[in-house]
Amino acid sequence: MKKQNRQRNQSKPKKDDSAVTLGDMINPNLFKQLKDQQEQLKAAEAKRIEEEEQKKREERRLKEKNKSFEELLNESGMNWKEFK
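Going by the numbering used here, 32 is the number at position 16 of the sequence shown; the sequence numbering is gapless.
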């Protein structure tokens, strides 16, 4: 039984508490600076997407506003021949 316990103990990989991660290697100030820059880039991307959507909405609104009566009739789903 003791031999089996020794073999089990030897076969188990020991956890290395001194495992170094990239976050541990980087200076905390640099890490904070990178996180702040990441947040700024995300905010800028979200703002850019919102501006593009706003521009598309405005273009659709102007296009709809400038349609002729014929275009509006053609887009209408109603059968206008029935109302003659």
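All residues carry an ideal CB built from backbone N, CA and C; glycine is no exception.
Note that the coordinates shown come from a computational prediction; the quantities given were computed from them, not determined experimentally.
Residue 40 and residue 66 have their C-alpha atoms spaced approximately 37 Å apart. The three-state reading of DSSP puts residue 93 in coil, since its state is none of H, G, I, E or B. For residue 45, the enclosing alpha helix (DSSP H) covers residues 44 to 81.
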